[in-house]
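Scroll down for the structure; my scribbles are underneath it.
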Amino acid sequence: MSSIPHNLQVVHDAITLAARRYDRNPTEIALLAVSKTFSANEVVQALQVGQKSFGENYLQEAIDKMQQVEQLRVELSCTAIPEWHFIGPIQSNKTRPIAEHFSWVHSVDREKIASRLSEQRPEALGDLQICLQVNISGEASKSGVDPDQLLELAQRVQVLPRLRLRGLMAVPEASEDIQVQRAAFQRLAQLGQTLIQKNIPIDTLSMGMSGDMEAAIAEGSTMLRVGSAIFGKRNYAV
Ligand SMILES: *Cc1c(COP(=O)(O)O)cnc(C)c1O
9 MSSIPHNLQV VHDAITLAAR RYDRNPTEIA LLAVSKTFSA NEVVQALQVG
59 QKSFGENYLQ EAIDKMQQVE QLRVELSCTA IPEWHFIGPI QSNKTRPIAE
109 HFSWVHSVDR EKIASRLSEQ RPEALGDLQI CLQVNISGEA SKSGVDPDQL
159 LELAQRVQVL PRLRLRGLMA VPEASEDIQV QRAAFQRLAQ LGQTLIQKNI
209 PIDTLSMGMS GDMEAAIAEG STMLRVGSAI FGKRNYAV
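My numbering numbers the first residue of the sequence shown as 9 and each following residue consecutively.
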């Protein structure tokens, strides 16, 4: 059997087990369901069994899906309300719809993006929750702020109105080796500690995906971004 409710249960059980193994409190590890490439129908299936937060990478897909989810919620009399997180690369000409449609943005990696989100966030929606994406694997192709420039970026973002700096996010280089995975997550956790020591009180480490959840939990993740383990294999051709 592999249905979304079943998969969610399996993921929650894995989180509980890993939390126990690494002496973590499972209630401090949030689960973001990454629904990119999956349908509004699949989002609502997860929503109806208690999954609240959903992560999207592509803006137009996300906005279309949000509208479809709203329609489905009405048709199904579903009272649960989804919380949307933007986790993909951000072009500066796309910040306005992001500021208007999402509760969280995990992929802020430069000041220009942060200041535009700050200016464009509608006051009535409350603060936009922000994570800074850090390039911890050091590959030229990956997005994320260089660790050397993180403190300066955090200091600038922290003072922007209508944004609330919550923490750090990373997508490390893929590896099957849990020790390699842990080393990368440990670097992000240490960068988080450095910010706290510099009086930037963050509370979020957005790290860990379907293939490296356990390593992320071991190193202090407070938000796992899990797609395929919940929704199944992605088909980018559709
Ligand atoms: C797609 C994606 C995920 C989820 O990946 P899975 O391996 O399907 O769990 C998490 N974070 C980001 C930034 C992604 O783009």
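Glycine is no exception: its CB is placed at the ideal position from the N, C-alpha and C atoms.
This one's a predicted model, so the numbers in the text were calculated from it and none came from an experiment.
Where residue i sits in the DSSP three-state scheme
| i | result |
| --- | --- |
| F94 | strand |
| H74 | This sequence places Met at residue 74; His is not what is there. M74 falls in the helix class under three-state DSSP. |
| M9 | Any reading at M9 must be qualified, since the residue scores a pLDDT of 48, below 50, and its modelled position is unreliable; the value itself is stated next. It is coil, neither helix nor strand. |
| S115 | strand |
| R29 | helix |
| E64 | strand |
| S85 | coil |
| A192 | helix |
| G175 | strand |
| Q99 | coil |
| T212 | strand |
| I186 | helix |
| L16 | helix |
Under 8 Å between C-beta atoms of residue i and residue j
| i | j | result |
| --- | --- | --- |
| Q76 | A48 | yes |
| V234 | S214 | no |
| Q137 | G152 | no |
| E131 | R190 | no |
| L39 | V19 | yes |
Residue i classed as buried or exposed, judged by whether at least 16 other C-beta atoms fall within 10 angstroms
| i | result |
| --- | --- |
| P90 | buried |
| D117 | buried |
| L25 | exposed |
| P180 | buried |
| H14 | exposed |
| V82 | exposed |
| Q17 | exposed |
| L232 | buried |
| E147 | exposed |
| R242 | exposed |
| E64 | buried |
Option nearest residue i by Cα separation, candidates the options
| i | options | result |
| --- | --- | --- |
| L80 | Y66, A54 and E227 | A54 |
| F110 | A224, L133 and L196 | L133 |
| A162 | A182, E83 and S123 | S123 |
| Y66 | A88, W92 and K206 | W92 |
| D31 | G228, D211 and L203 | G228 |
| R174 | A192, Q201 and Q194 | Q201 |
| I144 | V19, M221 and A197 | A197 |
| Q194 | S126, M177, Q157 and R104 | M177 |
| D220 | M231, I238, S183 and T230 | S183 |
| Q157 | I238, L199 and R129 | L199 |
| G240 | K73, E108, S43 and T230 | S43 |
| F94 | L84, R29 and K73 | K73 |
Cut-off 8 Å between Cβ atoms - residues of its own chain near residue i, not counting five sequence neighbours on either side
| i | result |
| --- | --- |
| M9 | Since pLDDT at M9 reaches only 48, below the 50 mark, its modelled position is unreliable, and the value read off the structure follows with that caveat. Here the set comprises nothing. |
| P105 | L67 and I71 |
| Q166 | L173 and I208 |
Close beta carbons around residue i, own chain, < 6 Å, minus the five adjacent residues each side
| i | result |
| --- | --- |
| I186 | A223 |
| F46 | F239 |
| L203 | A162 and I210 |
Contact set for residue i: own chain, Cβ-Cβ below 7 Å, skip 5 residues either direction
| i | result |
| --- | --- |
| A27 | N33, P34, I37 and I225 |
| P97 | S115 and S151 |
| T87 | none |
| S126 | L168, P169, R170 and L171 |
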